[in-house]
DNA sequence: ACCTGAACACCGTTCAAGT
DNA sequence: ACCTGAACACCGTTCAAGT
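Protein chains in written order, with this note's numbering: chain V, 81 to 277; chain C, 81 to 277.
Here you go:
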């Protein structure tokens with residue numbers, strides 16, 4: 081065990097964030113308390129206030145961090161050399177894998193109440209997610225792999241479909257272990273439609 | 081103004097639920113406090129404990145009530161005499177209208193943490209929602225309006241797509257006023273696919 | 001610049017006691 | 001059967017003061 085704790089923690093902000101994410105994963109958002117985080121960091125209950133103006137600011141920082149990781153995962157999963165169907169499947173797999181591994185974090189990321197101060201950054205991250213999909217769809221369209229409907233409609237159905245899957249999994253309404261094995265079918269049906277040809 | 085409040089409220093349970101839903105709609109879930117609800121019902125802070133074993137039990141009752149209303153709306157919107165596309169559009173419209181009118185309630189209904197005591201009832205309501213979709217899809221399939229893929233896959237894509245739309249709207253990620261006007265396109269794309277025929 | 005300790009105004013929950 | 005009032009153990013947030 082170390083000697084007496086130094087007055088300055090040194091890295092309190094990241095310690096709090098890491099600890100908060102662990103609590104989120106293990107006990108859920110309701111169990112998140114600033115005082116408890118301070119306690120387990122060995123710091124006074126008022127110390128977090130130095131790094132986060134209030135509890136929502138810490139939650140926003142968690143969400144922002146989540147988006148950054150999701151976006152990195154999606155971007156590195158996107159292989160522009162692939163044809164539409166495998167390319168979309170790979171992107172979807174990255175998204176769903178994140179949803180399976182971090183359901184509570186995803187729920188937090190989706191949540192509607194954020195500090196106005198964080199809104200702009202969060203919105204940027206959402207745009208970054210969307211632009212990954214947009215790139216894929218624009219490419220596919222220019223190669224004649226998609227119908228000639230407006231981009232917005234195609235984007236919306238694609239995003240809603242994958243987002244819905246992720247939400248169903250994160251909410252526990254659809255089993256996590258099945259969603260990845262049925263993903264190929266899912267993407268195929270999305271591209272080919274439910275109606276007989 | 082009435083005379084002195086009687087000792088027995090008479091209808092405290094429904095009063096609390098109604099008041100809670102108003103708070104949810106107007107101020108969000110974070111602003112929901114049992115003590116505040118008790119105050120505005122003119123009752124002691126311990127009185128709600130008689131009708132709800134804890135705060136989560138009240139939230140579960142709200143969610144349950146929400147599902148009942150959503151299910152009624154969806155069932156009465158389902159017209160079995162219609163062909164697949166208009167029939168699905170009508171059902172989807174009912175779902176999305178609910179999502180637009182009660183985004184916070186929907187978020188609560190989707191939420192993953194409920195009392196074990198409420199889990200069975202909530203699960204029944206979800207099954208009831210799914211069976212409405214299942215009826216539509218079974219009918220359409222028997223009439224040759226759907227491809228010959230297994231029901232589960234068709235259900236999953238349909239549910240995920242509409243659920244995703246509702247979630248995007250409830251989260252404020254997609255404008256509520258647009259989702260209803262673009263709904264016809266959305267359903268059409270879902271049925272016909274994104275790929276050229 | 002960063003943290004503490006006390007203070008303030010809230011919570012949810014429990015439980016004896018009242019009607 | 002239903003509600004009250006006090007009590008308990010928690011919160012988040014603020015702010016002077018310490019290092």
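All C-beta atoms, glycine included, are put in the ideal place defined by N, C-alpha and C.
Between the Cα of residue i and the Cα atoms of the options, which residue gives the shortest distance?
| i | options | result |
| --- | --- | --- |
| residue 259/C | 207/V, 233/V and 181/V | 233/V |
| residue 242/C | 95/C, 178/C, 198/C and 275/C | 178/C |
| residue 183/C | 187/V, 192/V, 201/V and 270/V | 192/V |
| residue 147/C | 205/C, 231/C, 274/C and 101/C | 205/C |
| residue 219/C | 163/C, 252/C, 181/C and 262/C | 163/C |
| residue 89/C | 107/C, 102/C, 106/C and 122/C | 122/C |
| residue 181/C | 231/C, 236/C and 249/C | 249/C |
| residue 94/V | 108/V, 111/V and 130/V | 130/V |
| residue 209/V | 247/V, 235/V and 263/V | 235/V |
| residue 261/C | 176/C, 112/C, 226/C and 107/C | 176/C |
| residue 221/C | 142/C, 168/C and 99/C | 168/C |
| residue 224/C | 96/V, 166/V, 141/V and 275/V | 275/V |
| residue 217/V | 277/V, 254/V, 140/V and 166/V | 166/V |
| residue 161/C | 244/C, 215/C, 229/C and 246/C | 215/C |
| residue 273/V | 104/C, 143/C, 110/C and 238/C | 238/C |
| residue 268/C | 102/V, 229/V, 133/V and 139/V | 229/V |
Between residue i and chain V, is any beta-carbon pair separated by less than 8 Å?
| i | result |
| --- | --- |
| residue 241/C | yes |
| residue 139/C | no |
| residue 146/C | no |
| residue 200/C | no |
| residue 252/C | yes |
| residue 265/C | yes |
| residue 90/C | no |
| residue 150/C | no |
| residue 209/C | no |
| residue 124/C | no |
Quick one: residues in its chain with C-beta nearer than 8 Å to the C-beta of residue i, no 5 flanking neighbours on either side, listed in chain order?
| i | result |
| --- | --- |
| residue 137/V | 195, 197 and 198 |
| residue 212/C | 151, 154, 155, 158 and 171 |
Taking only beta-carbon atoms, is residue i less than 8 Å away from chain C?
| i | result |
| --- | --- |
| residue 222/V | no |
| residue 103/V | no |
| residue 276/V | yes |
| residue 298/V | Residue 298/V is absent from the structure shown; chain V starts at 81 and stops at 277. |
| residue 204/V | no |
| residue 225/V | yes |
| residue 272/V | yes |
| residue 180/V | no |
| residue 161/V | no |
| residue 269/V | yes |
| residue 247/V | yes |
| residue 169/V | no |
| residue 236/V | yes |
| residue 229/V | yes |
| residue 212/V | no |
| residue 262/V | yes |
| residue 244/V | yes |
| residue 153/V | no |
| residue 156/V | no |
Could you tell me if the beta carbon of residue i falls within a distance shorter than 7 Å of some heavy atom in the ligand SAH?
| i | result |
| --- | --- |
| residue 105/V | This structure simply doesn't include the ligand SAH, nor any ligand for that matter. |
Suppose the cutoff is 7 Å on Cβ atoms and the five residues either side in sequence are ignored; what does the same chain contact list for residue i look like?
| i | result |
| --- | --- |
| residue 153/V | 174 and 178 |
| residue 124/C | 118 |
| residue 53/V | In the structure displayed, chain V extends from 81 to 277; residue 53/V sits before or after that span and is not available. |
| residue 246/C | 175, 176, 179 and 186 |
Among the residues of its own chain, which have a CB less than 6 Å from the CB of residue i, if the five just before and after it don't count?
| i | result |
| --- | --- |
| residue 186/C | 179 and 250 |
| residue 270/C | 241 |
| residue 114/V | 128 and 135 |
Inset, instruction - Scan the stretch 89-120 of chain V and note each continuous alpha helix (DSSP H) run of 4 residues or more that stays entirely inside, going in chain order. - result: As for any alpha helix (DSSP H) of minimum length 4 sitting wholly inside the stretch 89-120 of chain V, the runs are 92-107 and 114-120, ordered along the chain.
Inset, instruction - Write down every uninterrupted run of the alpha helix (DSSP H) in the stretch 188-213 of chain V whose length is 4 residues or greater and which is fully enclosed by it, in chain order. - result: Here no run is fully enclosed.
Inset, instruction - Identify each residue in the stretch 94-121 of chain V for which the Cβ-Cβ distance to at least one residue of chain C is less than 9 Å, and report them in chain order. - result: 108, 109 and 110
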